[in-house]
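Beneath this line is the structure, given in structure tokens, with notes to follow.
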Amino acid sequence: MSGTLPEELQRLLSRYEGARLRIIEIPVVKDIFDYFNSEKWIRVVAVIKSGDGVVMIKKPMSFLDNDGRPRPAMGGQWLLAGGKPEVGESYEEAVAREIKEETGLEVEVERLLGVYVFRFKHQGMTVDAILVAFSTKAVGGTLNPGKEIQEARIFRKLSRNDLLYVPDWWLGFQEEILEDAGFKLAE
């Protein structure tokens, strides 16, 4: 998957007015390129509104930087909930299922915030990793972290320093996604 947005994502974007399409090109080493080229890498994430706050999760994270070197997580410890769609699931169904698994909350999808394409480049080749972001509202369940999650918490105030960024470009998108959902980060 490279160069053009898959048809199902073009249809998704056309169903939601005001959703963003962002493409960022990132030069990477062969190992990183090969990782993202080995699968159709699409993930869903959500801003989960609960009362006057937003739900964030903490989970173990490991990653390689753009040069393929192991790098510790930087910044805070909190990130948006989400995961990988299953075969046959709509993106809305996937995000609702992932949130239930990770936080114990049942949500209603309010709108699509955006489709973020990370276009990884290596020696003239490209491969896309795609993040589909939704705004959701908690409508049931009990906040209880799932088996892969260390903690889930409602934040009424959240600052840029609270956000985990792995790697650096992901931090800016988390900020943008939160603010697009109407949650202003504290100074």
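Residues 0 to 186 (numbering that gives the first Met the number 0) are what the sequence shown spells out, left to right.
By construction, the Cβ of each residue, glycine as well, lies at the ideal position given by its N, Cα and C atoms.
Note that the coordinates shown come from a computational prediction; the quantities given were computed from them, not determined experimentally.
Could you check the C-alpha separation between residue i and residue j for me, to the nearest Å?
i	j	result
I129	Y115	6 Å
F32	K39	12 Å
N195	L79	Any answer about residue 195 is impossible in this case: the structure gives the chain only from 0 up to 186.
F182	Q173	11 Å
Y15	R110	7 Å
E7	L162	30 Å
Q149	N143	10 Å
L20	A93	19 Å
V54	W77	10 Å
A151	R42	19 Å
V28	D51	42 Å
T141	Q122	48 Å
G103	L157	21 Å
Under 8 Å by Cβ, that's how I've got residue i and residue j pegged, so tell me the actual separation to the nearest angstrom.
i	j	result
I153	S49	5 Å
D179	G82	That pair is no contact at about 20 Å.
F133	A45	5 Å
A95	V106	6 Å
P26	K120	5 Å
A185	I47	Their Cβ separation, rounded to whole angstroms, is 18 Å, which puts A185 and I47 out of contact at 8 Å.
What residues match up with residue i in a beta bridge as DSSP calls it?
i	result
W77	L162
I41	I129
E187	Nothing can be reported for residue 187, as the shown portion of the chain is limited to 0 through 186.
So does residue i have its beta carbon nearer than 7 Å to some heavy atom of the ligand GTP?
i	result
V126	As far as ligands go, the structure on display features none, and thus does not contain the ligand GTP.
So, does the segment 92 to 100 touch the segment 3 to 21, judging by three or more C-beta pairs under 8 Å? With a cut-off of 8 Å, the segment 3 to 21 and the segment 92 to 100 do not count as touching, because too few Cβ pairs lie within range.
Just to confirm the assignment: which complete beta strand (DSSP E) runs, minimum length 3, are found wholly within the segment 81 to 133? 104 to 121
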